[in-house]
Structure formats: C-alpha cells, structure tokens
Amino acid sequence: MTTSPDILCIGSVLWDVIGRAPNPMRLGSDVPGRITRLPGGVAMNIAMTLRRFGMRPALLSAVGRDAEGDELIATCARMGMITSHIYRSDDLPTDRYMAVEGANGLIAAIADAHSLEAAGDKILRPLKGGTLGGPGRPFGGIVALDGNLTEALLEEIAGSDLFAEADLRVAPASPGKAERLTPFLDHGRATLYVNLEEAGLLCHTQFPSAGAAAEGLLARGAARALVTDGGRSAAMGIPGAVIDKTPPEVLVTRVTGAGDTFMAAHIVAEAEGAAPDAALDRALAAAAAYVSGDISA
C-alpha cells in the first residue's frame, strides 16, 4: 500500500473497551450485556470511516511499545491505515477508553489519553521535518484533528505555519474538552464539528437547537461549523447561511463513535464534490447507519 495519504488523522488512537446492555440503565445498574474491545479514539474512528469510503488516512498519534500497542498498530495496518508516522514511546503505555452504554444511551465513560498528552508535539515530527512537511513546505491536504491533544498543542497547531495550507477539520473528544478548541474559532479556515452541548460550552451559553448553535459559532468567529443534536435536527453554518437537516429515524444500538462517523462521512462527501446540503445529508445517513448497527464497528 502506498504511503501517500489522502488525509491526516491527528489525535487519539487507542483501545476502546465498551460494555453494552440491551436494556435501559441507571446509576448503579448491574445487568447482563456484551463487552467488546476494538480500535478506537477520535482520530482512529474517523480514519476507520474514511477507509470504508475509500480514502487513505495516515495516523499521527502516540502508541506505546507494549504488547497492546504492537497489537493496535498491527490491527490498524490490516485495516489499511498508514501507521508509519505514529510516535512509538518506550516508556508510555498505550491509551485506552472505557464506556458503558444502555438502551437509553451512554451511561458513563472514562478516556485515558494521558500518553497522547504526555507525548505532546512529538506526534507532529513528520510535519516538522519529515516526509509529510517541514519549514517552508506545509502540508496542503485535509487534516482531521481531535481535542484529545493538550490545550498548548492545539493552540500551537492553530497558529503554526506547518498547517497554513491545510484544510483543518476539528472536533472535541468530549464536552469536557470542548473549550480546548477555542483557538480555532478565529482561525479563519478551520471547520468545527461539535454537538449541541459542546457548541454551548465554546460560546459560553445554551442553545435551543443545532441551527441556533451554528449561528452562534459563526458569530464567535468560526469559519464553518457543523452541529449535531442526537436524533434531532443537525445544522451546518457557513458564512451567510445555516442549513438544517433532520437525521433518519433509526433504532439506536450504540452511540460511541457516532460523531466521528458523521465527521468522516462529511469530509468524504465534500472531498468528492458534494454540495453543502448533500454533504450534510450523507453525513447524517452514515451516522444513522452506524448507531443502528448497520455498519460494522
């Protein structure tokens, strides 16, 4: 497989450990279900959807040189990811994410991405003087960036000449990390992918709908913004217009990774030349198929 990527996915690449129960759950529930382990992390989830649609993603992340890391790298390579640019650490363990989901959605989750944060800008070495770029030769393609990086590194990326020609697509890893994306509000070219809660955190308010949130993000300086709200209407905000679309109604069987699937499908649609409303439709359809279980994890 060629080592020339169509897109860079920068952020968390880890093991997802997900417990799913077929019934509604609450705090303290102890119920039968299924526990799975599969490659995950925001950058990885985006890359997996990109591969399903035929793109060649390169991963920029931190993965330990432990047994879990070796297995993760091998699994990513088998899926068709370009893994040669991943920073492999001798003294940092491979990161993990653990979640519990019931029929009523996500109950709780813990993201252990400490190794990615500790690695810092080491994950950007291929862009600073490697095969992907360097001073005077910035990467000029699409970059999917996730908010699991530290605030300092995200701020560096937002102002770095290394990304001056990149088509930046940025998403928080979770509502708890949404405000890390603040430097991209006035970036000028970055596209933000957030849910309704994350949009409110970035704008320090509460929005009644995805459309209102998209308008709010544009008012705060965002070049473009896509806002989702579960099964309710999603919106895309571009200068001078906000497009609202309602997702297909499906039976929800899982939620972890749905936002990443939405983002990746939208990137692919636009890369193929789809108009804004058509790209939003395709992204919502892909996310609906994912949460319904019609697409393999």
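Read in the UniProt record's numbering, the sequence shown has 12 at position 12, and its numbers run on one by one without any break. Note that CB positions come from ideal geometry on N, CA and C, so glycine has one too.
E270 and A279 do touch by the CB rule: their CB atoms are close to 5 Å apart, below 8 Å. The three-state reading of DSSP puts R220 in coil, since its state is none of H, G, I, E or B. Rounded to whole angstroms, the gap between the alpha carbons of L226 and L218 is 10 Å. Taken through DSSP and simplified to helix, strand or coil, A111 comes out as strand.
By the neighbour-count definition (other C-beta atoms within 10 Å, threshold 16), S115 is a buried residue. Between N23 and V31 a beta carbon distance of about 6 Å is seen, short of the 8 Å cut, so the two are scored as contacting. Within 10 angstroms of the beta-carbon of R189 lie fewer than 16 other beta-carbons, which makes it exposed. Here G133 is buried: its Cβ has 16 or more other Cβ atoms, across all protein chains shown, within 10 Å.
By the neighbour-count criterion, in which a residue is buried when 16 or more other Cβ atoms sit within 10 angstroms of its Cβ, N148 is buried.
Per DSSP, A287 is not a residue of any beta strand (DSSP E); the alpha helix (DSSP H) it occupies stretches across P276 to S292. Shown here, V17 sits in a strand according to DSSP, grouped into three states.
For L202, the enclosing alpha helix (DSSP H) starts and ends at L196 to C203. The alpha-carbon separation between A173 and V255 amounts to approximately 14 Å. Note: T191 is bridge-paired with R169 and R224 in the DSSP secondary-structure output. Shown here, D229 sits in a strand according to DSSP, grouped into three states.
By the neighbour-count definition (other C-beta atoms within 10 Å, threshold 16), S29 is an exposed residue.
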